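What follows is one structure encoded as structure tokens, with my remarks underneath.
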């Protein structure tokens, strides 16, 4: 299939249609589609198909390492390290604290949103919440890409 689609299915009651199993490999690609159908009955599926929005590749670059007096900088990264966040194996290299703080911004940028306080709409600066060894990441939006299924 050349176009990307999201399929949101709704099943009001338990069904015996065991052969219909929607499969999503990219959680971030899923859109919530509100269903306003009141006439669904047992064993009824409502399938809505909608074209995917543009998805952009986001690169996280270690921009700065800060440290408290007496503490060294974060030992996980060096300035200039880059991670392609469109790849799960690259996302796994990011500290969970850092990833959790960048996730809301990543989601906005990945789907062509902007952060109004940033002067460049294709960049954002996010720091991890570690108060003693702060890592500042630059999130950079690059070209549109086709997620793998």
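In my numbering, the protein residues as written are 607 to 755.
Positions of the beta carbon are idealized from the N, C-alpha and C atoms, including for glycine.
Since the structure is predicted, the reported quantities are computational estimates derived from the model, not experimental observations.
Beta-carbon gap between residue i and residue j smaller than 7 Å
| i | j | result |
| --- | --- | --- |
| residue 704 | residue 734 | yes |
| residue 664 | residue 715 | yes |
| residue 660 | residue 748 | no |
| residue 739 | residue 673 | yes |
| residue 721 | residue 701 | no |
Under the three-state DSSP convention, the category residue i falls into
| i | result |
| --- | --- |
| residue 663 | strand |
| residue 727 | coil |
| residue 639 | Unreliable placement is indicated for residue 639, whose pLDDT of 36 sits below 50; the coordinate value is still reported in the next sentence. Looking at residue 639 - three-state DSSP - the assignment turns out to be coil, as it is neither helix nor strand. |
| residue 671 | strand |
| residue 751 | coil |
| residue 685 | coil |
| residue 692 | coil |
| residue 741 | strand |
| residue 746 | strand |
Closest Cα partner of residue i within the set the options
| i | options | result |
| --- | --- | --- |
| residue 671 | 752, 736, 746, 689 | 736 |
| residue 667 | 749, 690, 701 | 690 |
| residue 719 | 745, 696, 700 | 745 |
| residue 711 | 684, 749, 738, 732 | 732 |
| residue 741 | 677, 676, 685, 723 | 685 |
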